[in-house]
Every structure is written in C-alpha cells, then in structure tokens.
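J.: Here it is, the structure, as structure tokens.
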Ligand SMILES: Cc1cn([C@H]2C[C@H](O)[C@@H](COP(=O)(O)OP(=O)(O)O[C@H]3O[C@@H](C)C(=O)[C@@H](O)[C@H]3O)O2)c(=O)[nH]c1=O
C-alpha cells in the first residue's frame, strides 16, 4: 500500500497493492490493522454505496458539528472526478480544493477528514463506495453549491445531472457569511 499526501492538508491518497492473475485482480480495500499501523483513520461507523449515471454531479456535501464525517472514498465501477474542499478556517489550505481522478482499475482511495466538503462527478456510469467515520444525520446535512462561481470547479461534464436538493445549496460565500440555514 502506498500513501501519498495531496495539496490539501490531511487529505490522503491511498494506493492499494493489487494482485493480478489470469482471473483478474485482488486488493484489500480496508484492513483495520494495516490502516492503524500506517497512522490512517481506522474507525468507521457506516459504509455507503451509490450508483450514478454518466454526468451526475453529487455534492458538495458535509455534516455539521458533532455529526461531521471523515470519508474513505473509492470507485467500484466506472470513473469519477472526486473533489474535496477544505472548510477548516484555521487550515493553511482553507478554501482550497483538489480534484482526484478515481476509477475501478487503480483501486485508488482518498481519505477526506472531517471539516471538508466532498463531491464527485460521474465521468462514466459509476458505482461509488465510501466508509464514514460518523453516521448519517439528516438534520446535520449541509453543503455548498457544486457550480459555485468563485470556486470555478472544472467538472468535465457537459450536461450535469444534479438533484433538486443540491441545486438549492448556498454558494461558498453565503455559507461563509452564515446567511444560509441548512435545514
Ligand atoms: C448520505 C445518506 C443518504 N441517505 C438517504 C437520504 C436520501 O433519501 C437518499 C439520497 O441522499 P442524497 O441525495 O443526500 O445522496 P448523495 O447526494 O449521494 O449524498 C452523498 O453525496 C456524497 C457526495 C457525499 O459526500 C456523501 O456524504 C453524501 O452526502 O439517501 C441515507 O439514508 N443515508 C445516508 O448516509
């Protein structure tokens, strides 16, 4: 397993050891002991899986306060453009984001800690899987508009398909001003 830092403080890229043979391939997508030894987060409360048709954009999501979640994300089928946006005001990378090309072949995973907004665009029909350090809490759901004009995220999708809920999310500026109630 190879661990790489990213341009965002505390966001980590994890490249598993892939064992290929005539049948296909195998890799460990999570191993509590290995993660622990490597100093990676290893206590997860919930696993989620979503399927998105090509051009779906989900995000940018996070849960507030004590319900904040760290997420270990990967792609099981297809290819996505994944994004983490640092919302931690005290962080040297506050307000910055990084995009990650994730696909089912590389097995590459990203760990996105609490304090980040997360989203992705399906560049192909894709199955997305993520482990969360905290449980889902509907009343703590929050987000920032996927197409925020100050962030200018190069999504690489021509005709984005976005949920009504995500279309209603505030801009980054509105979120920072606290002028938007999430519920
Ligand atoms: C996230 C979530 C949703 N749900 C329900 C609520 C709703 O009826 C349905 C679909 O929810 P959403 O539209 O919020 O799903 P989605 O847009 O896929 O939300 C996810 O987006 C990515 C980018 C993330 O980072 C995740 O944390 C999560 O926010 O599933 C749960 O029951 N448990 C969960 O943990």
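In full-length UniProt numbering, the protein residues as written are 1 to 183.
Glycine included, C-beta positions come from ideal geometry on N, C-alpha and C.
Closer than 6 Å by C-beta to residue 114: which residues in its own chain qualify, once you throw out the five before and the five after it? Chain order, please.
T.: Position 114 of the chain shown holds residue 114. Same-chain partners within the cutoff: 68 and 70.
J.: What span of residues does the beta strand (DSSP E) with residue 77 cover, start to end?
T.: As a first step, residue 77 is located in the chain shown; it is residue number 77 there, counting from the start. Run containing residue 77: 71 to 77, per the beta strand (DSSP E) assignment.
J.: From the DSSP output, in three-state form, read off residue 85 for me.
T.: If you number the chain shown from 1, residue 85 lands on position 85. Strand at residue 85.
J.: Would you mind listing the beta strand (DSSP E) stretches within the segment 4 to 58 that are 3+ residues and don't spill past its ends, in chain order?
T.: 12 to 15, 19 to 21, 24 to 26 and 46 to 52
J.: In terms of alpha-carbon separation, which member of 29, 22, 48 and 116 lies closest to residue 107?
T.: Numbered from its first residue, the chain shown carries residue 107 at position 107. For the residues 29, 22, 48 and 116, the minimum Cα distance to residue 107 belongs to 29.
J.: Residue 144 and residue 97 - do their beta-carbons sit closer together than 7 Å?
T.: The sequence position of residue 97 within the chain shown is 97, counting from 1. The sequence position of residue 144 within the chain shown is 144, counting from 1. No, these two residues do not count as a Cβ contact at 7 Å.
J.: For the 8 Å Cβ check, are there 3 or more pairs between the segment 144 to 158 and the segment 37 to 52?
T.: no
J.: Using only CA atoms, which one of 79, 90, 165 and 36 lies nearest to residue 127?
T.: To locate residue 127, count along the chain shown from 1; it is residue 127. Of the candidates 79, 90, 165 and 36, the one whose C-alpha sits nearest the C-alpha of residue 127 is 79.
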